[in-house]
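Enquirer:
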Amino acid sequence: MKLRHKGEVDKIEAQMAPMIDIVFQLLIFFMLTLKILAPEGDFNINMPIGQAQADEDSEPQLDIKVRLLANPDGTLQQVLLGTRQLGNDERVFDRLNGEIISIVGRPDSGDNDFEVEIDADYGLHYNNVIQAISACTGKIDPVTKLPVRYVEKIKFAKPRPQSGEAQ
Amino acid sequence: MRIKSSKPSLVDPDMTPMIDIVFQLIAFFMIVTNFEQTQADERVKLPEDELAQPPIAPREQELYINVGFERDKQGNIIDPTPYVFSKEGAKTAQAFASELQMEARVAQTKKIDPKTMTIVIRADAETPTGIVQELIKLAQDNGFEKFALKAKAKALDQ
Chain A
889 MKLRHKGEVD KIEAQMAPMI DIVFQLLIFF MLTLKILAPE GDFNINMPIG QAQADEDSEP
949 QLDIKVRLLA NPDGTLQQVL LGTRQLGNDE RVFDRLNGEI ISIVGRPDSG DNDFEVEIDA
1009 DYGLHYNNVI QAISACTGKI DPVTKLPVRY VEKIKFAKPR PQSGEAQ
Chain B
93 MRIKSSKPSL VDPDMTPMID IVFQLIAFFM IVTNFEQTQA DERVKLPEDE LAQPPIAPRE
153 QELYINVGFE RDKQGNIIDP TPYVFSKEGA KTAQAFASEL QMEARVAQTK KIDPKTMTIV
213 IRADAETPTG IVQELIKLAQ DNGFEKFALK AKAKALDQ
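Right, dumping it as structure tokens:
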């Protein structure tokens, strides 16, 4: 009689090939669908219905008005804070930011009643509006590199007509 | 004398390190893949700003509006008219009103108040501001009140 060798153990090998097939397919799928996009952020604005009309009758006490004038080609012509001219150079939004801080008083408080109204010309390039909103809402703390927001309420004024750009 | 067996010896390669690496790659790609920005239109070149931060908590209900220009492969504007890019193609802001109306009706049938929905506007940096304001006005006419303006997060100067 043939005796089986005592030390020999039957080894059952798992089939790796199907798993590797699936895993490679998954890998290829994720590699092909990957889109490298820059992170996007946003600025919230509240525009309750009928607010523009109501504002004309009863003006809020703590309203800051920022007027953005455009050249015919859509570039920035002038930034006005109330009636004060701030210019149109590359540092204009830094100046606007400084002026807003001086009006708000305590930049770190965050919970104030100030509301900024952006009144831009029809043809003004949108990036100027975003820069103005950014300058009005807050700044990046130079030490912590974190955003500090001091005005949360931003709204747009009534849209200006397309032809009435040069005012 | 001992004679060697004629059976060919089968050398199994060790698959474990390869599977480890492949699983790590899959995990990496799964984490990096951003499925949330599928509503973004590549033709829209967003303005950049340091203060533009992604929202802390994701919004429950939002509707994306992409506004921009038709561009060539190099990114140059080929048509100066700004369009709203939607599933139904490129439309002017005024022509987009019907789509907003439809979205408001769909929201109402789903028992969602349009006032609680956020209209996320992704507008090109060179879009005339008046177009964005027109879209906000059209959205307001259909009962939407909350708006968010998208900008690309600019890297901070170190």
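Taken in sequence, the protein lines are chains A and B. The first sequence begins at 889 in this note's numbering and counts up by one. The second sequence begins at 93 in this note's numbering and counts up by one. Each residue gets a CB set at the ideal place from its N, CA and C atoms; glycine is no exception.
Return yes when the Cβ of E928 of chain A is within less than 8 Å of the Cβ of P139 of chain B, no when it is not.
Expert: In the second sequence, residue 139 of chain B corresponds to position 47, counting from 1. In the first sequence, residue 928 of chain A corresponds to position 40, counting from 1. Not in contact: P139 of chain B and E928 of chain A (Cβ atoms no closer than 8 Å).
Enquirer: Rounded to whole angstroms, what's the CA-CA distance from V1017 of chain A to K179 of chain B? Just pull it up for me.
Expert: The residue you call residue 1017 of chain A lines up with position 129 of the first sequence. The residue you call residue 179 of chain B lines up with position 87 of the second sequence. Each residue's Cα considered, the two are about 27 Å apart.
Enquirer: Quick check: what's the CA-CA separation for F917 of chain A versus F188 of chain B?
Expert: Here residue 917 of chain A is taken as the residue at index 29 of the first sequence, counted from 1. Here residue 188 of chain B is taken as the residue at index 96 of the second sequence, counted from 1. Rounded to whole angstroms, F917 of chain A to F188 of chain B spans 35 Å at the Cα level.
Enquirer: Report the option in A:D930, A:Q913, A:R979 whose CA atom is closest to the CA atom of R214 of chain B.
Expert: Working through the second sequence from its first residue, we reach residue 214 of chain B at position 122. Taking only the C-alpha atoms, the option nearest R214 of chain B is A:D930.
Enquirer: With 7 Å as the limit, tell me which residues of the stretch 219-238 of chain B have their beta carbon closer than that to any beta carbon of chain A; keep them in chain order.
Expert: Against chain A - using a Cβ distance shorter than 7 Å - the residues of the stretch 219-238 of chain B are T219, P220, T221, G222, V224, Q225, E226, I228, K229, Q232, E237, K238.
Enquirer: Under 8 Å, Cβ to Cβ, is there at least one residue of chain A near D106 of chain B?
Expert: Position 14 of the second sequence, counting from 1, holds the residue named residue 106 of chain B. No, D106 of chain B lies away from the interface with chain A (no Cβ there is under 8 Å from its Cβ).
Enquirer: Hey, how far is the Cα of E226 of chain B from the Cα of P109 of chain B?
Expert: Numbered from its first residue, the second sequence carries residue 226 of chain B at position 134. Numbered from its first residue, the second sequence carries residue 109 of chain B at position 17. So the alpha carbons of these two residues sit roughly 58 Å apart.
Enquirer: Across the stretch 215-235 of chain B and the stretch 899-912 of chain A, are there enough close Cβ pairs to call them in contact, namely three or more that are closer than 8 Å?
Expert: Touching, no, given that fewer than three Cβ pairs across the two stretches are closer than 8 Å.
Enquirer: Going by C-alpha to C-alpha distance, which of B:K246, B:A144, B:V136 sits closest to D164 of chain B?
Expert: Walking along the second sequence from the start, residue 164 of chain B turns up at place 72. Answer by Cα proximity: B:V136.
Enquirer: What residues from chain A crowd round L138 of chain B, counting only those whose CB sits closer than 8 Å?
Expert: The residue you call residue 138 of chain B lines up with position 46 of the second sequence. In chain order: E928.
Enquirer: Got a sec: is the Cβ-Cβ distance from G986 of chain A to anything in chain B below 8 Å?
Expert: Stepping through the first sequence from its first residue, residue 986 of chain A is reached at position 98. G986 of chain A does not count as touching chain B.
Enquirer: List the residues of chain B whose Cβ lies closer than 7 Å to the Cβ of T1025 of chain A, in chain order.
Expert: For the purposes of this step, residue 1025 of chain A is identified with residue 137 of the first sequence, where counting begins at 1. The answer, in chain order, is L143.
Enquirer: Using a Cβ-Cβ distance cut-off of 8 Å, determine whether D164 of chain B contacts chain A.
Expert: In the second sequence, the residue the question calls residue 164 of chain B occupies position 72. It does not: the Cβ of D164 of chain B has no partner Cβ on chain A nearer than 8 Å.
Enquirer: What's the gap between the Cα of V980 of chain A and the Cα of E987 of chain A?
Expert: Working through the first sequence from its first residue, we reach residue 980 of chain A at position 92. Working through the first sequence from its first residue, we reach residue 987 of chain A at position 99. In a straight line, the C-alpha of V980 of chain A is about 11 Å away from that of E987 of chain A.
Enquirer: What residue from A:N934, A:D1001, A:I1006 has the CA that sits closest to V967 of chain A's CA?
Expert: As a first step, residue 967 of chain A must be located in the first sequence, where it is residue number 79. Closest option to V967 of chain A, Cα to Cα, is A:I1006.
Enquirer: Which of the three DSSP states, helix, strand or coil, is assigned to I204 of chain B?
Expert: For the purposes of this step, residue 204 of chain B is taken as residue 112 along the second sequence, with counting starting at 1. In the structure shown, I204 of chain B sits in coil (DSSP, three-state: anything other than H, G, I, E or B).
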